[in-house]
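I have placed the structure first, in the form of structure tokens, so that the comments after it can refer back to it.
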Amino acid sequence: MSERRLKMRFLDGVNVTYVKKSEKEKLKRFISEVSKFDTTLSFQPLNSPVYGSYRVELYEIDEEREKIPAIKLTVFVSASDPIDWLMKHDDQVNMSLDEAVHVVDTEILEISEKENILSLSLEQHKIYAFVSKTRTANMSLREMVLEVLKKFFREEFGIEFSEEEYELELHPELSDYFL
1 MSERRLKMRF
11 LDGVNVTYVK
21 KSEKEKLKRF
31 ISEVSKFDTT
41 LSFQPLNSPV
51 YGSYRVELYE
61 IDEEREKIPA
71 IKLTVFVSAS
81 DPIDWLMKHD
91 DQVNMSLDEA
101 VHVVDTEILE
111 ISEKENILSL
121 SLEQHKIYAF
131 VSKTRTANMS
141 LREMVLEVLK
151 KFFREEFGIE
161 FSEEEYELEL
171 HPELSDYFL
């Protein structure tokens with residue numbers, strides 16, 4: 001067998017909002033009371049097990065032929081014409097680490113080779129999810145997002161996510177309406 005490569009495929013991206021059903025009315029009452037005051041302050045709850053708003057990006061990996069990402073790097077790159085540089089590097093799979101001027105952050109990714117969701121990486125309000133091509137081939141977008149939330153809740157909050165306990169909204173990409 002030839003050496004496995006890292007070449008994952010972007011599947012889809014979706015904005016996900018969830019709220020715990022048992023807390024929804026309390027949250028609505030609180031927001032209603034705050035809105036009665038004549039103020040320019042706004043209220044944005046932090047992502048938590050009670051309420052969350054995330055962007056979920058799904059990347060498909062054929063683990064039989066491809067490597068599973070194990071490290072996430074955040075790098076600074078020097079370029080005299082940044083827009084031209086970005087246009088040339090649209091296919092980021094072929095980008096060389098030699099072009100990185102400084103690595104500012106690293107994250108070791110926990111890999112679960114036997115699960116549908118092989119690995120997750122959280123970056124502020126974005127969850128990058130690396131999914132098994134073979135085990136998720138017949139899953140809908142909603143089913144994959146539910147799997148991501150289950151893994152995310154276990155890893156980030158140390159609790160189980162139960163769909164029955166949450167009101168969940170998926171907001172697809174605008175481009176999905178034109179396909």
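Counting in the UniProt record's numbering, the sequence shown runs from 1 upward without gaps. Glycine residues also receive a C-beta, built at the ideal position from the N, C-alpha and C atoms. All of these numbers come straight from a predicted model, not from anything done at the bench.
- The way I'd put it, the segment 164-174 doesn't touch the segment 127-136; fewer than three beta-carbon pairs between them come closer than 8 Å.
- Going by DSSP, residue 72 is part of the beta strand (DSSP E) stretching over 71-77.
- DSSP lists 132 as the beta-bridge partner residues of residue 61.
- When beta bridges are read from the DSSP output, residue 12 appears opposite 58.
- The three-state reading of DSSP puts residue 172 in strand, counting E and B together.
- Comparing C-alpha distances from residue 30 to each of 18, 44, 40 and 17 shows the shortest one belongs to 44.
- The alpha-carbon separation between residue 142 and residue 58 amounts to approximately 12 Å.
- Annotated three-state conformation of residue 25 is helix, per DSSP.
- Between residue 16 and residue 55, the gap from beta carbon to beta carbon is short of 9 Å.
- In this chain, the alpha helix (DSSP H) harbouring residue 83 covers 82-88.
- The segment 66-79 and the segment 26-41 do not touch, with fewer than 3 CB-CB distances between them shorter than 8 Å.
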